[in-house]
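Chains as they are written, first to last, in the numbering used here: chain A, 1 to 413; chain B, 1001 to 1324. Ideal placement from N, C-alpha and C gives every residue a C-beta, glycine not left out. Here the structure is a predicted model, which is why all the values come from computation and not from measurement.
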């Protein structure tokens, strides 16, 4: 199975799609984007090129249960392209040019080989959307090389804890951060009794574990817990199954862990008692949402919408952010050198304006990007965590996720 | 006799405490109500509310005081109102999403920041035409002009730069990198300093317009207020340069900086999410728009006290004051 991106060339203000898939023993599609705006750089000095890659391998896609939200082929990549465009607008004033190479792999293809090919080509900044074990294999292979990795797709807490790596910066929130963000809001609302429903997948179980920890941390109680195992397509049967499934408990809110989106949407309005839904569906904690327009986000959302004719997804944002970080590094150090940019990003000077109302910075103990987390319903933003009243010595953002004193991350060497 | 004298004295003391001989008109854009509130500086009351275009932000009066210009950002236009009759006279070809603008000191042309398109658009008000477009950084907003009109400064929020634009050639002659998310650029009255606020960086940069280098960076510390809540936006200085005022956003305060020592002397508690500032022409009163509490704070500049809060429309943002 071949990856789905076609070759795309971006010229001046737009992206012109041209067809053409490249096949080979390892079916890799390389897409390069150099965006010029038709204006000469400020001086005639040589342009410094800064190359970034986005490597994606999605092993399981959501079931095609409806045509409500058709997942875009370029999800993630589009966020990267917009970021490159913004970086290059700034780059004009700095004699710097940013270039993005996108690689999309089929589930059975060799991610490590694809990664090594990118680094062999001289790319030092690689954004990854791969499963946790693949990320670790790549991180370990990258250790002796001049590479900085950005995790844009694996929410696993163990990657921030016992499996942390010094060359991996985590852009997306961990499951712990998402669960904590939601828990703070539910507890603030005094909805402390939770009915937890967990899906069939490993990721759902991990999400459920994070919900358990969050309940303990913030003083909520999981009064009932059930695993949904009615099979893949619940659309017709939910009507009869859900009421029975949710009987027999006195709770305030149903928290669901269904990361792939198999059944979570079909719980609402069918539960035995009239209760709202939260978690992977319903009131959802997330890094980004199309409903978000505060703190200048409307500007980013409208730029994205105009360019790609669809809304920016969390994955788009999670690829957008690290490319902006590299851009900031190049601007602030006035350099395209890998070591200078990497050292700047990892320094205490680094801050990213991420359209979430305050600066985003990296946790020095596990390189997780600390950030406000949006709590959104389908068509309206409900709240943004951290919630008022949860205290912290140094940063309120660190009330979400594993804090430094509890961290089990040890960077070796 | 004694009583009469003391009455006269207390009367004149009362008069000088208010300190205002003239009444000016304050114009405030209400971003979510699509209106402009008019405030009389004598009574400190709202005297009228004007319906304008969608999402009004930047607002200014022409030099002759005859027309009120309003950036109707979501209508992609700059509206021109007759200041006396308050009727809409015309729309200017502003380019998409005009956020803020500034007039050349001579009154023409008008320089507009088009935030969606990364452009500064220059409009000749007499000819009603676009005479130049200057490509700048990502998300341009802040607009400042040197008192001699030679240099226009535009700040770009995501590129994090202050672009110096030559008003004769429309070329960018310098770019100064500032802290994250610059929002506002303002020259001192004598042209010797350029002030640029960084909302996410949390600082005020003071730039030498000749060397085009940052000479001072001012940080703010408010007891009991989280550092990340200190988000400077609007900045204004008195004409004599003695005091610089900075609106600090969700910190809900206006900082007062000593213009000589550059020390922060005081923080004035105003309303919630304070955005922009404007002086009356005599520098006696400073008006601050509070976006989230939907009101305007009136600051007595001599006494450094907030003397009143005036309720306006929803999400007040821009503010400008008539010259007479």
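Q.
Against chain B, which members of the segment 337-365 of chain A pass a CB distance test of less than 7 Å?
A. 351, 353, 358 and 359
Q | For residue 1277(B) and residue 1212(B), believed in contact at Cβ under 8 Å, the rounded distance | A | Wrong, their Cβ atoms sit about 25 Å apart, outside the cutoff.
Q.
Please tell me whether residue 1015(B) has its Cβ less than 8 Å away from any Cβ of chain A.
A. Here residue 1015(B) scores only 44 on pLDDT, less than 50, and its place in the model should not be relied on; the value that follows carries that caveat. No, residue 1015(B) lies away from the interface with chain A (no Cβ there is under 8 Å from its Cβ).
Q.
Taking 8 Å as the threshold (beta carbon to beta carbon), is residue 1161(B) in contact with chain A?
A. Answer yes: the Cβ-Cβ gap between residue 1161(B) and chain A drops below 8 Å somewhere.
Q. Residue 1160(B) and residue 1182(B) look like a contact to me (Cβ under 8 Å); what is the Cβ gap, rounded to whole Å?
A. 6 Å
Q) Would you report the Cα separation of residue 277(A) and residue 290(A), rounded to the nearest angstrom? A) 19 Å
Q. Does residue 1226(B) come within less than 8 Å of chain A when only Cβ atoms are used?
A. yes
**Q.** Beta bridge counterpart(s) of residue 1113(B) as assigned by DSSP
**A.** 1100(B) and 1120(B)
Q. Taking the beta strand (DSSP E) that residue 1226(B) falls in, what are its first and last residues?
A. No beta strand (DSSP E) contains residue 1226(B), which DSSP labels as neither H nor E.
**Q.** Where the alpha helix (DSSP H) through residue 241(A) begins and ends
**A.** 238-245
Q | Limits of the unbroken beta strand (DSSP E) element including residue 1275(B) | A | 1274-1279
Q. Whole-angstrom Cβ separation of residue 1060(B) and residue 1320(B), contact assumed at under 8 Å?
A. 5 Å
Q.
Output needed in chain order: residues of the segment 88-104 of chain A with a Cβ under 7 Å from some Cβ in chain B.
A. 89, 90 and 93
Q. What residues are listed by DSSP as bridge partners for residue 126(A)?
A. 53(A) and 149(A)
Q. Cα separation between residue 227(A) and residue 324(A)?
A. 40 Å
**Q.** C-beta neighbour in chain B for residue 401(A), strict 8 Å
**A.** no
Q) Taking any Cβ of chain B, which residues in the segment 115-128 of chain A have a Cβ under 7 Å from it, in chain order? A) none
Q) To the nearest angstrom, how far is it from the Cα of residue 1035(B) to the Cα of residue 1249(B)? A) The alpha-carbon atoms of residue 1035(B) and residue 1249(B) are separated by roughly 22 Å.
(Q) By the three-class DSSP mapping on this structure, what secondary structure does residue 1163(B) have? (A) Note: residue 1163(B) maps to strand in three-state DSSP.
Q: Confirm, please, whether the CB-CB distance from residue 319(A) to residue 91(A) is below 8 Å.
A: no
Q: For residue 139(A), write down the residues that DSSP places opposite it in a beta bridge.
A: Note: residue 139(A) sits in no beta bridge, so no partner.
Q.
Please report the straight-line C-alpha distance between residue 35(A) and residue 408(A), rounded to a whole angstrom.
A. Residue placement at residue 35(A) is flagged as unreliable, the pLDDT there being 38, under the threshold of 50; a coordinate-derived value is accordingly withheld.
Q | Backbone secondary structure at residue 1088(B) - three-state DSSP | A | strand
Q. Where do the ends of the alpha helix (DSSP H) carrying residue 414(A) lie?
A. The question about residue 414(A) has no answer here: the residues shown for chain A are numbered 1 through 413.
(Q) Please classify residue 70(A) as buried or exposed, where buried requires at least 16 neighbouring CB atoms within 10 angstroms. (A) exposed
Q: Could you tell me whether the Cβ of residue 1137(B) comes closer than 8 Å to any Cβ of chain A?
A: yes
Q: Ignore the nearest five residues each way along the sequence and tell me which others in residue 98(A)'s own chain have a CB closer than 7 Å to its CB.
A: 50, 52, 84, 87, 88, 91 and 327
Q) Hey, how far is the Cα of residue 1137(B) from the Cα of residue 1300(B)? A) The straight-line gap from Cα to Cα measures roughly 37 Å.
Q. What's the C-alpha gap between residue 165(A) and residue 143(A)?
A. In this structure, the CA atom of residue 165(A) is about 9 Å from the CA atom of residue 143(A).
Q. What is the rounded straight-line gap between the Cα of residue 1031(B) and the Cα of residue 1314(B)?
A. 7 Å
Q: Sort 233(A), 180(A) and 102(A) by Cα distance to residue 387(A) and report the nearest one.
A: 180(A)
Q | residue 320(A), DSSP secondary structure in three states | A | Reduced to three states, the DSSP call for residue 320(A) is helix.
Q) Is the shortest distance between the beta-carbon of residue 32(A) and the beta-carbons of chain B less than 8 Å? A) Any answer about residue 32(A) is weak, because its pLDDT of 41 lies below 50 and its placement is not dependable; what the coordinates show is given next. Under the Cβ distance rule, residue 32(A) does not count among the residues neighbouring chain B, no pair being separated by less than 8 Å.
Q. Is residue 11(A) close to chain B, meaning its C-beta is less than 8 Å from at least one C-beta of that chain?
A. Residue confidence is low: residue 11(A) scores 29 on pLDDT, short of 50, so the model does not pin down where it sits. No coordinate-derived value is stated.
**Q.** Limits of the unbroken beta strand (DSSP E) element including residue 988(B)
**A.** Lying outside 1001 to 1324, the shown extent of chain B, residue 988(B) is not represented and no answer is given.
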